[in-house]
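Per the numbering used here, residue 53 is the first one in the sequence shown, and the count goes up by one each step.
The structure appears below as structure tokens.
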Amino acid sequence: MTTLERHNANTLSVQIPVTLRTATPEDLPKLEWYGQYRHFRGLFRRTFREQQADRRLMLVADVNDFPIGHIFIQLKPEIQLGVPPHAYFYSFRVMEMFRNRGIGTLLMSEAEAQALEHGLEWATIAAAKDNHGARRLYERLGYRVFASDEGSWSYIDHRGRTRSVNEPCWLLEKHLRTV
Ligand SMILES: CC(C)(COP(=O)(O)OP(=O)(O)OC[C@H]1O[C@@H](n2cnc3c(N)ncnc32)[C@H](O)[C@@H]1OP(=O)(O)O)[C@@H](O)C(=O)NCCC(=O)NCCS
Numbered sequence: 053m054t055t056l057e058r059h060n061a062n063t064l065s066v067q068i069p070v071t072l073r074t075a076t077p078e079d080l081p082k083l084e085w086y087g088q089y090r091h092f093r094g095l096f097r098r099t100f101r102e103q104q105a106d107r108r109l110m111l112v113a114d115v116n117d118f119p120i121g122h123i124f125i126q127l128k129p130e131i132q133l134g135v136p137p138h139a140y141f142y143s144f145r146v147m148e149m150f151r152n153r154g155i156g157t158l159l160m161s162e163a164e165a166q167a168l169e170h171g172l173e174w175a176t177i178a179a180a181k182d183n184h185g186a187r188r189l190y191e192r193l194g195y196r197v198f199a200s201d202e203g204s205w206s207y208i209d210h211r212g213r214t215r216s217v218n219e220p221c222w223l224l225e226k227h228l229r230t231v
């Protein structure tokens with residue numbers, strides 16, 4: 053028997069607090085997750101400027117000053133006749149090693165609270181049609197599919213190239229104030 057087996061020394065259980073907060077300028081490079089999302093550098097910067105203008109919110113799940121998860125909220129929706137204004141939630145992700153621990157649910161619940169605080173009683177979120185896990189999570193949280201969308205949009209990456217995204221998705225909505 054090795055020393056490791058005798059003392060079970062190869063296992064250490066650590067409890068790490070996860071705190072929700074809005075993004076700060078220091079988060080911007082960290083949101084790239086060591087290169088995984090460097091192509092979204094411009095999108096992160098632009099969203100941060102929108103947050104400073106009170107038009108969007110970047111909600112992050114913080115572990116040791118690092119944003120291990122986030123959801124962004126569009127707070128100033130386009131007004132459509134006969135449709136109540138909706139907060140739009142997007143850019144929702146949690147680092148892989150932190151998934152399935154309730155952090156995504158916590159982010160969604162805080163995003164909903166923030167939407168209500170900004171006077172928005174409805175929320176919309178898109179789930180790629182092949183992302184069954186995300187759709188399951190949203191439906192469990194009370195969202196219902198109301199439309200199908202081509203999911204076509206584009207952005208400028210960190211090298212200045214235009215990148216097009218075509219990801220057919222379901223649009224889900226929820227009435228946040230149920231009483
Ligand atoms: C979607 C995503 C943000 C969810 O984040 P998450 O932190 O894993 O979410 P949660 O842990 O709250 O919930 C996910 C699952 O864990 C379960 N769960 C929640 N709390 C849990 C806990 N304390 N212990 C174990 N499981 C838990 C949930 O029931 C859910 O189960 P399901 O797979 O049957 O639906 C994450 O999977 C992700 O980043 N995916 C890649 C990006 C993406 O697809 N984003 C959505 C774009 S539409």
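Quick reminder that beta carbons are idealized off the backbone N, C-alpha and C, glycines included.
Member of the options whose CA lies at the smallest distance from the CA of residue i
| i | options | result |
| --- | --- | --- |
| D117 | R97, Q126, T76, R108 | T76 |
| T71 | Y86, K181, H122 | H122 |
| I120 | K128, L111, I131, L127 | L111 |
| A180 | L223, M147, Q132 | L223 |
| V135 | E173, Q88, S204, G212 | E173 |
| C221 | L83, V66, V197, N62 | V197 |
| A178 | E202, Q166, E84, E164 | E202 |
| E148 | P69, Q126, W85 | W85 |
| E162 | A61, I68, L109, E219 | L109 |
| L168 | R188, F141, R151 | F141 |
| R43 | K82, L80, I68, G94 | Residue 43 lies beyond the residue range present for the chain, which begins at 53 and ends at 231; the question has no answer from this structure. |
| F150 | E78, V66, N62 | V66 |
Alpha helix (DSSP H) segment containing residue i, residue limits
| i | result |
| --- | --- |
| S161 | 155–169 |
| D79 | 79–82 |
| F96 | 93–104 |
| R187 | 184–192 |
Counted within 10 angstroms of its Cβ, other Cβ atoms place residue i as buried (16 or more) or exposed
| i | result |
| --- | --- |
| H114 | The question names His, but residue 114 in the sequence shown is Asp. Buried, by the Cβ-count rule. |
| P227 | Strictly speaking, residue 227 in this sequence is His, with Pro absent from that position. Exposed. |
| E130 | exposed |
| A175 | buried |
| D182 | exposed |
| R73 | exposed |
| G146 | Before going further, note that residue 146 is Val rather than Gly in the sequence given. It counts as buried. |
| A105 | exposed |
| R187 | buried |
Bounding residues of the beta strand (DSSP E) (the contiguous stretch that carries residue i)
| i | result |
| --- | --- |
| P119 | 118–126 |
| H210 | That residue, H210, is in no beta strand (DSSP E); it is neither H nor E in DSSP. |
| H138 | 138–146 |
For residue i, the residue or residues it bridges with in DSSP
| i | result |
| --- | --- |
| W222 | A179, S200 |
| A113 | L72, G121 |
| R108 | Q126 |
| V217 | W205 |
| H227 | W174 |
Minimum Cβ-Cβ distance from residue i to chain D less than 8 angstroms
| i | result |
| --- | --- |
| A199 | You won't find chain D in this structure, because it holds only one protein chain. |
ask   = Does the region 181–194 touch the region 156–166, meaning 3 or more C-beta pairs lie closer than 8 angstroms?
value = yes
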